[in-house]
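Chemist: Starting off with a structure, shown below.
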Amino acid sequence: MCGRYAIISPPEDLKALFGYCETPNFPPRTNIAPTQPVPVVHLSEGQRRFTLMRWGFVPGWVKELKGFPLIINIRSETIREKASFRAAFSRRRALMPADAFYEWQRFETASRPFMLRRPDRKPFGFAALWETWSANDGSEIDTVALINTTANGVIAAIHERSPVILPEADFEQWLDPMTTPEAARKLLRPPAEDLLELVPISTAVNKVANDGPDVQQEVKRALAPEPHVKSAIRKSDGEQGQLF
Numbered sequence: 011m012c013g014r015y016a017i018i019s020p021p022e023d024l025k026a027l028f029g030y031c032e033t034p035n036f037p038p039r040t041n042i043a044p045t046q047p048v049p050v051v052h053l054s055e056g057q058r059r060f061t062l063m064r065w066g067f068v069p070g071w072v073k074e075l076k077g078f079p080l081i082i083n084i085r086s087e088t089i090r091e092k093a094s095f096r097a098a099f100s101r102r103r104a105l106m107p108a109d110a111f112y113e114w115q116r117f118e119t120a121s122r123p124f125m126l127r128r129p130d131r132k133p134f135g136f137a138a139l140w141e142t143w144s145a146n147d148g149s150e151i152d153t154v155a156l157i158n159t160t161a162n163g164v165i166a167a168i169h170e171r172s173p174v175i176l177p178e179a180d181f182e183q184w185l186d187p188m189t190t191p192e193a194a195r196k197l198l199r200p201p202a203e204d205l206l207e208l209v210p211i212s213t214a215v216n217k218v219a220n221d222g223p224d225v226q227q228e229v230k231r232a233l234a235p236e237p238h239v240k241s242a243i244r245k246s247d248g249e250q251g252q253l254f
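Sequential numbering from 11 applies to the sequence shown in my numbering.
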């Protein structure tokens with residue numbers, strides 16, 4: 011499950027890649043965490059728009075946020091069947107810009123963080139769904155979650171799940187509400203095996219308050235052999251797909 015990621019590309023580079031109308035000016039972030047506002051690209055009146063949304067998807071039927079599970083990842087395998095995501099998957103597909111994300115190689119008593127990024131350091135887009143949640147007092151919150159699938163390539167060495175990273179050539183089809191759910195589902199594939207590189211980093215990323223360049227500092231550390239690795243799927247991650 012992807013629980014932290016980074017956006018460090020200049021705003022003009024992200025605008026050129028994602029093609030949205032706005033010209034936002036936002037600082038680099040190296041340790042973005044759930045519930046924080048995150049950039050989201052979606053289609054509105056035929057144009058790509060840049061909007062800040064809360065990272066934590068809330069279905070429209072939820073009455074109170076208190077006590078509702080935090081949904082930051084949505085499993086691609088059940089996305090069309092779950093009532094919480096069915097409408098958003100048909101009409102509110104989105105992209106979450108990113109430059110890197112983090113995963114932890116987990117052991118019985120400890121874990122080691124790694125950064126995953128493109129070798130050419132270019133940004134990319136997570137496949138995502140968004141929803142506007144309305145509170146009882148009439149206020150509204152735009153919420154979003156990324157979509158994950160089975161891991162392959164370098165990600166599989168440390169984790170069983172991977173965010174869906176869409177190629178730029180698929181952006182238009184994914185965002186278009188006229189794309190059928192069947193066609194959209196076919197786009198939810200694991201990243202190409204050579205798309206990302208695995209970089210060992212320090213445990214500074216473990217603390218949300220650490221949000222500077224030092225978070226991505228590479229350290230000398232070998233990947234532990236597979237037999238000594240505890241399953242990367244924690245109980246709470248596996249249960250998320252069972253809630254709805």
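C-beta atoms are modelled at their ideal positions from N, C-alpha and C, and glycine is treated no differently.
1) Ser172 by DSSP, collapsed to three states: which one?
2) Which class does Arg14 belong to by DSSP, given the choice of helix, strand or coil?
3) Residue range of the beta strand (DSSP E) that Arg114 falls in?
4) CB Pro201 to CB Ser172, shorter than 8 Å?
5) Checking 8 Å against the spacing of the C-beta atoms, do Ala219 and Asp109 come in under that value?
6) Does DSSP classify Leu27 as helix, strand or coil?
7) Let's test the definition: count the other Cβ atoms within 10 Å of the Cβ of Leu176 and tell me whether it reaches 16, buried, or not, exposed.
8) For Asn216, name the three-state secondary structure that DSSP assigns.
9) Quick one: using the 10 Å Cβ neighbour count with 16 as the cut-off for buried, is Phe60 buried or exposed?
10) Is the beta carbon of Gly66 closer than 8 Å to that of Ala145?
11) Between which two residues does the beta strand (DSSP E) carrying Asp205 extend?
12) What is the rounded straight-line gap between the Cα of Leu208 and the Cα of Ser54?
13) Closer than 8 Å is the cut-off here; do at least three beta carbon pairs connect the stretch 134–148 with the stretch 98–105?
Modeler: From the atom records:
1) strand
2) coil
3) According to the sequence shown, residue 114 is Trp rather than Arg. Counting along the chain, the beta strand (DSSP E) containing Trp114 begins and ends at Ala110 to Arg116.
4) yes
5) no
6) helix
7) buried
8) helix
9) buried
10) no
11) A small fix is needed here, since residue 205 is Leu in this sequence, not Asp. Segment: none, Leu205 is in no beta strand (DSSP E) and carries neither H nor E.
12) 36 Å
13) yes
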